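Line by line, the protein sequences give chains A and B. Residue 10 is where the first sequence starts when you use my numbering, and the numbers rise one by one after that. Residue 5 is where the second sequence starts when you use my numbering, and the numbers rise one by one after that. Working notes for the structure below.
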Amino acid sequence: MLKLQGIEKKLGGQAVLRGVNLQVGQGERVVVIGRSGCGKSVMLRIIMGLLPSDAGVVIFEGTKLTGLSEEDWNPYRRKIGMLFQGAALFDSLSVFENLAFPLREAGEKNEKVLGEKVAEALKIVSLSGTERKMPAELSGGMKKRAALARAIIRKPDLMLYDEPTTGLDPIVADSINRLILHLGEILGMASIVVTHDMVSARMVGDRIAYLHEGKIYFEGTPEQVDRCEDPLVRDFVRGHAEGTGVTG
Amino acid sequence: MGRAEYLTGKLGGLVLGSCQTAGGVFLLLGDTIRSMFRYKIRWDQLLEQMYFIGIRSQVVVLTTGAFTGAVFAAQVWFQFKRFGMESAIGPTVSIAMCRELGPVLCCLLLAGRVGAAMAAELSSMKITEQVDALRALGVYPVEYLVVPRFLALVLSAPILTAMALVTGIGCGYFVAVKIFGVDGAYYWDNTVKFTDRKDVLIALIKALIFGVIIATIACHKGMNCPPGTAGVGKTTTEAVVNASITLLVVNFFLTVLLNALLYSN
Chain A
10 MLKLQGIEKK LGGQAVLRGV NLQVGQGERV VVIGRSGCGK SVMLRIIMGL
60 LPSDAGVVIF EGTKLTGLSE EDWNPYRRKI GMLFQGAALF DSLSVFENLA
110 FPLREAGEKN EKVLGEKVAE ALKIVSLSGT ERKMPAELSG GMKKRAALAR
160 AIIRKPDLML YDEPTTGLDP IVADSINRLI LHLGEILGMA SIVVTHDMVS
210 ARMVGDRIAY LHEGKIYFEG TPEQVDRCED PLVRDFVRGH AEGTGVTG
Chain B
5 MGRAEYLTGK LGGLVLGSCQ TAGGVFLLLG DTIRSMFRYK IRWDQLLEQM
55 YFIGIRSQVV VLTTGAFTGA VFAAQVWFQF KRFGMESAIG PTVSIAMCRE
105 LGPVLCCLLL AGRVGAAMAA ELSSMKITEQ VDALRALGVY PVEYLVVPRF
155 LALVLSAPIL TAMALVTGIG CGYFVAVKIF GVDGAYYWDN TVKFTDRKDV
205 LIALIKALIF GVIIATIACH KGMNCPPGTA GVGKTTTEAV VNASITLLVV
255 NFFLTVLLNA LLYSN
């Protein structure tokens, strides 16, 4: 479904990605882990076409997306959903209008249909009854769930999650993880989850990829990652600072 | 590094930075005009912006116009009465309001009120990833965010300027005739006689161009806001300062150009 080949990206003169190769199959959930600032979010932005890559190609459903103009990207963006780290709900619009936005953009004008689809999406993320609320009235976890509902309302083929559980308490983080699993099951979509939360990675990942120094350093199932004896992977997974160059 | 080299480097950086910003502003202007024809106009957004820019700016613009006309009439009366030229106060106030004071002051206020709001709103959207979210949902941000603001300001600026002119000239009349006792018939007759339609045209053309300048600079600043909340404050200040200075500089060239074009005979 999605293939990244040799993706490279420099930001501010510094090489962030140095040849990322990654493949995601139909319905598969791939978790990309790595230390803060290692380029995980940059990789998602390149997949979504929000940032151009310096080298390499992104192939989605057999089509090479790299090099497409902003307007040519749009039909593919409608097949890919993205949950942003800060939720990125439009703060001047109510929850209903936020969720109806992608549908209106796709040409849906029937208010009854819009209402039904919004209610259905809100039910999936357990936010029924919040249609009239403004984003400022929602908690962090509710914002993420509302943003998730907006991202899935057009039933994308691929879902990108940028740090879905960062800044949330463990209970809310667990509910988001369950939601990611639930969405994969009911909508059958593939997902890439970028996180440094190992609980989340083990829970939602069919496969985990460890991004280090701009490349996929290790790739395997959650069990393989847990058994991995490579010091870099082991220290990250266990949360040890030794050997990483970061000590008190 | 010597002091001269350091200063040369600083100056070079400043010139390059200014050229880069100017280039970005012109590219955004081109993109905005292209998007106006390529995409359908979002009337709901346009009306909302026109309400904010046009209706909500009326009080401040009318107050400015009124007191500018009143003060100018008073100052002119103090000078002109010494030469017995009280009947010339009307056209002097009217022409000054039309050609310079009306469009320049009205649009400077719009740069402060509307330009700051546009830059702050867009930069907040930028740093909270809302602009990226728009793109991720397949919407072109220039079409959705910039075009309605641009059109609303470009349409509202001449209308607000015309309102400022009317109140300014009206208040000038009130001050000169009702307070200082200038003959009302002479005042009004001379005002109408010496104020040309071209003077009003100059005001409207200037306001339209100033609207383009304010909207483009404010939107460019907002859409290119550096990360962090400090960036929002910096962007907003820069938008107002850059728009105001550009407006004043362009005003000089417009004055020369429009006089050459409209009064060449």
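The beta carbon of each residue, even a glycine, is placed where N, CA and C say it ideally should be. These figures come from a predicted structure and were not determined experimentally.
Interface residues of chain B around residue i at Cβ under 7 Å?
{"i": "PHE105 of chain A", "result": "Those within 7 Å of PHE105 of chain A in chain B number zero; the least Cβ separation is about 15 Å."}
{"i": "LEU20 of chain A", "result": "Chain B residues near LEU20 of chain A: none, gap ~12 Å exceeds 7 Å."}
{"i": "GLU114 of chain A", "result": "LEU141, GLY142 and VAL143"}
{"i": "PRO111 of chain A", "result": "LEU141"}
With 9 Å as the threshold, decide whether the Cβ of residue i is near any Cβ in chain A.
{"i": "ARG279 of chain B", "result": "The structure shown does not extend to residue 279 of chain B, since chain B is modelled only from 5 to 269, so the question has no answer here."}
{"i": "GLY17 of chain B", "result": "no"}
{"i": "LEU138 of chain B", "result": "yes"}
{"i": "MET122 of chain B", "result": "no"}
{"i": "MET101 of chain B", "result": "no"}
{"i": "MET40 of chain B", "result": "no"}
{"i": "CYS23 of chain B", "result": "no"}
{"i": "MET167 of chain B", "result": "no"}
{"i": "MET129 of chain B", "result": "yes"}
Can you pull the chain A residues whose beta carbon is under 9 Å from the beta carbon of residue i, in chain order?
{"i": "TYR144 of chain B", "result": "GLU79, GLU80 and ASN83"}
Closer than 9 Å, CB to CB, is residue i near chain B or not?
{"i": "LEU108 of chain A", "result": "no"}
{"i": "LEU131 of chain A", "result": "no"}
{"i": "ALA155 of chain A", "result": "no"}
{"i": "MET168 of chain A", "result": "no"}
{"i": "GLY95 of chain A", "result": "yes"}
{"i": "ILE89 of chain A", "result": "yes"}
{"i": "GLY48 of chain A", "result": "no"}
{"i": "MET57 of chain A", "result": "yes"}
{"i": "PRO173 of chain A", "result": "no"}
{"i": "ASP100 of chain A", "result": "yes"}
{"i": "ARG44 of chain A", "result": "no"}
{"i": "MET27 of chain A", "result": "According to the sequence displayed, residue 27 of chain A carries Arg and not Met. Answer no: the Cβ-Cβ gap between ARG27 of chain A and chain B never drops below 9 Å."}
{"i": "ARG247 of chain A", "result": "no"}
{"i": "ARG159 of chain A", "result": "yes"}
{"i": "ARG54 of chain A", "result": "yes"}
{"i": "GLY257 of chain A", "result": "Any reading at GLY257 of chain A needs caution, since the residue's pLDDT is 41, under 50, leaving its predicted position unreliable; the model's value is listed next. So, not an interface residue."}
Would you mind giving the Cβ-Cβ distance between residue i and residue j, rounded to the nearest angstrom? I have them listed as a contact below 8 Å.
{"i": "ARG117 of chain B", "j": "ALA219 of chain B", "result": "Not confirmed; about 13 Å, so no contact."}
{"i": "VAL104 of chain A", "j": "ALA155 of chain A", "result": "5 Å"}
{"i": "ALA168 of chain B", "j": "THR241 of chain B", "result": "At roughly 25 Å, the Cβ-Cβ gap does not stay under 8 Å, so ALA168 of chain B and THR241 of chain B are not in contact."}
{"i": "HIS224 of chain B", "j": "VAL29 of chain B", "result": "5 Å"}
{"i": "TYR219 of chain A", "j": "GLY58 of chain A", "result": "TYR219 of chain A to GLY58 of chain A, Cβ: 25 Å. No contact."}
{"i": "ARG27 of chain A", "j": "ASN107 of chain A", "result": "Contact flag wrong, Cβ pair sits at about 37 Å."}
{"i": "VAL213 of chain A", "j": "VAL203 of chain A", "result": "That belief does not hold up - the Cβ atoms of VAL213 of chain A and VAL203 of chain A are roughly 11 Å apart, past 8 Å."}
{"i": "SER143 of chain B", "j": "GLU114 of chain A", "result": "Contrary to the premise, residue 143 of chain B reads as Val rather than Ser in this sequence. About 6 Å separates the two Cβ atoms, so the contact holds."}
{"i": "PHE99 of chain A", "j": "PHE110 of chain A", "result": "7 Å"}
{"i": "LEU112 of chain A", "j": "LYS126 of chain A", "result": "6 Å"}
{"i": "ASN246 of chain B", "j": "ILE221 of chain B", "result": "5 Å"}
{"i": "VAL65 of chain B", "j": "LEU164 of chain B", "result": "5 Å"}
For a contact defined as C-beta to C-beta under 7 Å, what are the partners of residue i on chain A?
{"i": "THR132 of chain B", "result": "GLY95 and ALA97"}
Using a Cβ cut-off of 8 Å, pull out every chain B residue sitting near residue i, in sequence order please.
{"i": "ARG86 of chain A", "result": "ARG139, ALA140, LEU141 and GLY142"}
Would you mind telling me which residues of chain B sit closer than 9 Å to residue i, beta carbon to beta carbon, in chain order?
{"i": "PRO61 of chain A", "result": "Under the 9 Å cutoff, chain B gives no residues; its nearest Cβ is about 13 Å from PRO61 of chain A."}
Sorry if obvious, but does the Cβ on residue i come closer than 8 Å to a heavy atom of the ligand ZN?
{"i": "MET167 of chain B", "result": "For the ligand ZN, the structure offers nothing, since it holds no ligand at all."}
Any alpha helix (DSSP H) of 4 or more consecutive residues that is wholly inside the stretch 133-211 of chain A
149-161 and 179-196
At least 3 beta-carbon pairs within less than 8 Å: the stretch 172-182 of chain A vs the stretch 137-148 of chain B
no
contact_flag[the stretch 191-208 of chain A, the stretch 148-165 of chain A] where n(CB pairs < 8 Å) is 3 or more
yes
Runs of beta strand (DSSP E) lying entirely within the stretch 129-178 of chain B, each at least 3 residues, in chain order
none
Counting only runs of 3+ residues fully inside the stretch 26-61 of chain A, write out the beta strand (DSSP E) ranges in chain order.
38-42
With a cut-off of 8 Å, do at least 3 Cβ pairs link the stretch 248-261 of chain B to the stretch 205-213 of chain B?
yes
Can you confirm whether the stretch 188-197 of chain B touches the stretch 123-134 of chain B when touching is taken to mean that 3 or more C-beta pairs between the two stretches lie within less than 8 Å?
no
If we require 4 or more residues per run, which alpha helix (DSSP H) segments fall completely within the stretch 82-130 of chain B?
93-100 and 106-114
Three or more C-beta pairs closer than 8 Å, one from the stretch 74-87 of chain B and one from the stretch 97-109 of chain B: is that the case here?
yes
Would you call the stretch 62-72 of chain A in contact with the stretch 82-95 of chain A, where contact means no fewer than 3 C-beta pairs closer than 8 Å?
yes
Just checking, does the stretch 219-233 of chain A make contact with the stretch 8-16 of chain B on the three C-beta pairs under 8 Å criterion?
no
4-residue-minimum alpha helix (DSSP H) runs that sit fully inside the stretch 104-136 of chain A, ordered along the chain:
104-114 and 120-133
Would you call the stretch 34-50 of chain A and the stretch 72-81 of chain A touching, i.e. three or more CB-CB distances under 8 Å?
no
Mind listing, in chain order, the continuous alpha helix (DSSP H) runs of no fewer than 4 residues lying wholly within the stretch 182-231 of chain B?
188-198 and 201-227
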